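Accompanying notes for the structure given below.
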Amino acid sequence: MSAVIERLAELAQLGRHDAGIDRALATPQERRARERFATWARARGYALTQDDVGNLFARRNGVRDGARSILVGSHLDTVPTGGAYDGAYGVVAALCALEALDERNAATEHPVEAVAWAGEEGSRFPLGCLGSSVFTGAYDGASALALSDALGTTLGQALAASDGGLLDGVSKRDETRVAAYLELHVEQGPILEREGVSLGIVTAIAGQRRYRVAVEGTSGHAGTVPMARRGDALCAAAEMILAAERAALVAGESVATVGSLTVEPNATNVIPRRVTFSVDIRSPDDARIDAVETALRESAGDANARRRVTVAIERLEARAPTPMDPKLRAALGRAVAAIGERAIDVPSGAGHDAICLARIAPTAMLFVPSIGGRSHVAEEETSPHDLEIGVTALAASIVEVDKFVI
Ligand SMILES: [Zn+2]
70 MSAVIERLAE LAQLGRHDAG IDRALATPQE RRARERFATW ARARGYALTQ
120 DDVGNLFARR NGVRDGARSI LVGSHLDTVP TGGAYDGAYG VVAALCALEA
170 LDERNAATEH PVEAVAWAGE EGSRFPLGCL GSSVFTGAYD GASALALSDA
220 LGTTLGQALA ASDGGLLDGV SKRDETRVAA YLELHVEQGP ILEREGVSLG
270 IVTAIAGQRR YRVAVEGTSG HAGTVPMARR GDALCAAAEM ILAAERAALV
320 AGESVATVGS LTVEPNATNV IPRRVTFSVD IRSPDDARID AVETALRESA
370 GDANARRRVT VAIERLEARA PTPMDPKLRA ALGRAVAAIG ERAIDVPSGA
420 GHDAICLARI APTAMLFVPS IGGRSHVAEE ETSPHDLEIG VTALAASIVE
470 VDKFVI
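Numbering follows the working numbering, in which position 316 of the sequence shown is assigned residue number 385; successive positions increment by one, without gaps.
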């Protein structure tokens with residue numbers, strides 16, 4: 070068995086339970102995963118450092134004095150019922166790619182660092198991409214350490230504890246050393262499998278907007294109020310939900326989801342008085358998100374005018390799409406060709422640490438297929454064949470990127 074498959078199997082034992090893998094940041098099982106990373110890195114003589122929020126770096130030296138680092142990595146934490154590949158694959162593959170360079174005696178101009186970002190999933194402390202946000206300065210380190218989990222334990226306390234905390238020795242964060250960032254990840258969607266290719270080069274990470282919609286109508290007796298006189302909040306909400314679905318289909322390359330809905334008073338014989346629901350719209354193209362939002366708002370206006378209800382739409386969050394660096398994408402394309410493989414361009418619907426890194430350095434991502442497009446579940450899987458190709462492509466990408474980044 071190759072190292073990437075063996076190591077993924079080893080990590081998959083850490084935090085395993087009936088419904089999946091639970092490896093939240095700064096828990097004993099997540100610390101054990103960081104320990105494994107440290108052991109593998111030290112065995113190859115890579116210099117290991119960690120910062121105060123738990124980001125871990127294993128550095129393979131370059132030959133040019135003063136050159137900044139090419140960072141390559143992903144995350145070791147999981148959602149509460151996660152699988153064996155989301156995040157862990159990118160971290161293990163980064164180490165394996167460094168080892169592949171060793172085995173070929175391939176010197177690089179730049180140092181190359183395999184990195185395990187802390188807490189990407191946000192499944193214990195309420196901040197996604199925690200480690201990469203702090204590292205890149207998008208989120209303040211002291212504020213991150215003060216974040217509490219559901220039991221009131223702060224990240225600072227959790228990282229100071231012996232059973233889930235930091236490994237020995239903390240280095241100062243230095244984001245200025247990053248020349249470029251590469252991340253290899255499982256696709257978590259169905260496109261690569263459908264297209265029959267082993268590799269995808271990410272065009273952009275989707276932007277995302279979240280809304281809370283409140284529809285106020287009028288309650289009444291389900292048997293006595295004539296249909297024409299009703300202000301049924303749920304019927305109005307249903308029209309808006311279908312309008313969002315239709316708009317995302319028409320706009321293309323976009324998705325709209327209503328995943329949460331509350332009906333009041335929620336009784337079989339009472340006309341719904343009030344409905345609140347969430348809307349989540351994502352696309353790699355902001356204009357398409359605009360189009361879906363516009364359709365949602367037009368539908369709300371229509372309900373206001375026709376249905377004896379009032380609709381309020383509150384935008385809770387708006388994150389712009391993150392395009393990947395064109396030069397790095399081209400380098401990845403050359404690397405894939407050099408190893409005799411084929412790749413297609415794909416957008417990323419899910420968020421990744423690469424969003425944060427793209428703010429400070431040229432950034433690109435490679436995807437390998439997810440069987441059945443499934444992820445964030447115990448059944449998440451990628452074929453051993455594709456896992457191996459991903460590592461080979463990543464090592465070749467490092468070599469290509471090393472030729473031109475400064
Ligand atoms: Zn991930």
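Built from N, CA and C at the ideal position, the CB exists for glycine as well. Quick caveat, the model's predicted, so the values are computed rather than measured.
| Item | Value |
| --- | --- |
| Same chain only: Cβ atoms within 7 Å of A166, ignoring 5 sequence neighbours per side | V141, V460, L463, A464 and I467 |
| Under the three-state DSSP convention, the category T222 falls into | coil |
| DSSP state of I424 mapped onto helix, strand, coil | helix |
| Beta-ladder partner(s) of P28, from DSSP | With the chain running from 70 to 475 in the structure shown, residue 28 is simply not present. |
| G200: CB within 8 Å of a non-hydrogen atom of ligand 1 | no |
| Close beta carbons around Q98, own chain, < 6 Å, minus the five adjacent residues each side | L83, G84 and R92 |
| Own chain partners of R101 with C-beta closer than 8 Å, once the 5 adjacent residues on each side are dropped | L83 |
| 8 Å contact criterion, which Y115 and R105 should meet: CB distance rounded | Their Cβ separation, rounded to whole angstroms, is 14 Å, which puts Y115 and R105 out of contact at 8 Å. |
| Length at least 4, wholly inside the segment 322-403: the alpha helix (DSSP H) runs in chain order | 355-375 |
| Three or more C-beta pairs below 8 Å linking the segment 182-192 and the segment 281-289 | no |
| Three-way DSSP call (helix, strand, coil) for G276 in this model | strand |
| Own chain partners of V239 with C-beta closer than 8 Å, once the 5 adjacent residues on each side are dropped | Q119, D120 and D121 |
| Neighbourhood of R403 by C-beta distance below 6 Å, restricted to the same chain and skipping five residues each side | E469 |
| heavy atom of ligand 1 below 8 Å from A419 C-beta | yes |
| D155 beta carbon near ligand 1 (any heavy atom closer than 8 Å) | yes |
| Proximity below 9 Å, CB of I382 to CB of R366 | yes |
| Whether V332 touches L303 by CB criterion (9 Å) | yes |
| Distance CB(Y158)-CB(L456) smaller than 9 Å | yes |
| Where H86 falls, given that 16 or more other Cβ within 10 Å makes a residue buried | exposed |
| Euclidean distance between Cα positions of A136 and A317 | 45 Å |
| Spatial neighbours of D349 in its chain, beta-carbon cut-off 6 Å, leaving aside the 5 residues before and after | R279 and T326 |
| G159: CB within 8 Å of a non-hydrogen atom of ligand 1 | yes |
| Alpha carbon of V148 to alpha carbon of Y154, nearest angstrom | 12 Å |
| The alpha helix (DSSP H) enclosing E182, as first and last residue numbers | No alpha helix (DSSP H) holds E182; the beta strand (DSSP E) holding it covers V181 to W186. |
| CB contact flag (P353, P395, <9 Å) | no |
| Classification of P453 by the beta-carbon crowding that lies within 10 angstroms, buried from 16 upward | exposed |
| beta-carbon H144 near ligand 1 non-hydrogen atom, thresh 8 Å | yes |
| Terminal residues of the beta strand (DSSP E) in which M434 lies | T432 to V437 |
| R377 beta carbon less than 9 Å from that of Q277 | no |
| Cut-off 8 Å between Cβ atoms - residues of its own chain near V339, not counting five sequence neighbours on either side | S288, G289, H290 and A291 |
| Proximity below 9 Å, CB of A412 to CB of L397 | no |
| Candidates A313, A95, R298 and E450: closest to A229 by CA position | A95 |
| Separation of E410 from E314, as counted between CA atoms | 36 Å |
| CA-to-CA distance, H179 to L164, given in whole angstroms | 16 Å |
| Start-to-end residues for the beta strand (DSSP E) that takes in T461 | It is not in any beta strand (DSSP E) - T461 instead sits in the alpha helix (DSSP H) that spans P453 to D471. |
| Beta-carbon gap between S347 and G370 smaller than 9 Å | no |
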